[in-house]
Each structure stands twice: as C-alpha cells, then as structure tokens.
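One structure is given here, and the rest of the page talks about it.
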Amino acid sequence: MASELTRFIYRAKVLDLYRDLLRTASSRTVSKDTRQALVEQIKTEFTVHRNVDDLRRIQFLVADGKRRRDQLVEMLGLAYTKK
Numbered sequence: 001m002a003s004e005l006t007r008f009i010y011r012a013k014v015l016d017l018y019r020d021l022l023r024t025a026s027s028r029t030v031s032k033d034t035r036q037a038l039v040e041q042i043k044t045e046f047t048v049h050r051n052v053d054d055l056r057r058i059q060f061l062v063a064d065g066k067r068r069r070d071q072l073v074e075m076l077g078l079a080y081t082k083k
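Everything in the sequence shown is counted per full-length UniProt numbering, starting at 1 for the first residue and increasing by one.
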C-alpha cells in the first residue's frame, strides 16, 4: 500500500492537471460552444476516475492526462510552458 505522502503528492498532481486542463479548455481562441464541450468532457473524465485507488493506475491516468493536455494545446495553437 502506498504511503499517505505518496497519495498526497499524486492528489496534488491530479488537481494541478485538472486546473491546467480547465484553463487550457477555457482559452478564448475557441468558440463558446467548443469551450463548454471541452470543459464538460474534462469534468466527465475526472468524475469517472474519481474513485481510482490503485497508485499505478493513477500514475497512468496522470501521464495520459498530460499527453492529452499537450495534444489539446497543440490543437488549439496555444503556447504552453508549464511542464
């Protein structure tokens, strides 16, 4: 079982990724309808995986979320510096 510190660190990473994705989706470079759809999709994905307890699965989901964020940034033509 993973230590409480490890869980705390991954919780912070998940929340940081969530906020980052919402900021990216809320970019003014896309239409209002697209923004709303992106935000809803992000919220849905995080809600679906809300109760994941396996640390390896969480690590995979965080890595996948970062990859998807990078794809979204590229698709929207945004500059992204935080890694």
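Note that beta-carbon positions come from the ideal geometry of N, C-alpha and C, so glycine has one too.
DSSP state of residue i mapped onto helix, strand, coil
| i | result |
| --- | --- |
| Arg50 | coil |
| Leu78 | coil |
Inter-residue CB distance, residue i and residue j (contact presumed, cutoff 8 Å)
| i | j | result |
| --- | --- | --- |
| Gly65 | Leu17 | 5 Å |
Residue i versus residue j - alpha carbon distance
| i | j | result |
| --- | --- | --- |
| Ala37 | Val48 | 16 Å |
| Gly77 | Thr44 | 24 Å |
| Arg11 | Phe60 | 13 Å |
| Tyr29 | Asp70 | One point to set straight first is that residue 29 is Thr, not Tyr, in the sequence displayed. Their backbone Cα atoms lie some 16 Å apart in a straight line. |
| Ser31 | Gln41 | 15 Å |
| Val52 | Ile58 | 7 Å |
| Arg7 | Lys13 | 10 Å |
Option in the options with minimal Cα separation from residue i
| i | options | result |
| --- | --- | --- |
| Arg35 | Ala25, Thr44, Gln41, Lys43 | Ala25 |
| Leu15 | Arg67, Arg50, Arg57 | Arg50 |
| Leu5 | Val39, Leu55, Ile42, Ser31 | Leu55 |
| Ala9 | Glu74, Val73, Val62 | As written in the sequence, residue 9 is Ile, which differs from the Ala given in the question. Among Glu74, Val73, Val62, the Cα nearest to that of Ile9 is on Val62. |
| Glu74 | Val52, Arg19, Lys13, Ser27 | Ser27 |
| Arg67 | Glu40, Asp20, Ser31 | Asp20 |
| residue 90 | Val39, Ser3, Lys13, Arg7 | Nothing in the structure corresponds to residue 90, since the chain is present only between 1 and 83. |
Cutoff 7 Å: residue i Cβ touching any chain B Cβ
| i | result |
| --- | --- |
| Gly77 | Absent from the structure: chain B. Only one protein chain is present. |
Practice task
For the stretch 15 to 63, list the alpha helix (DSSP H) runs that are entirely contained and at least 4 residues long, ordered along the chain.
Solution key: 32 to 48
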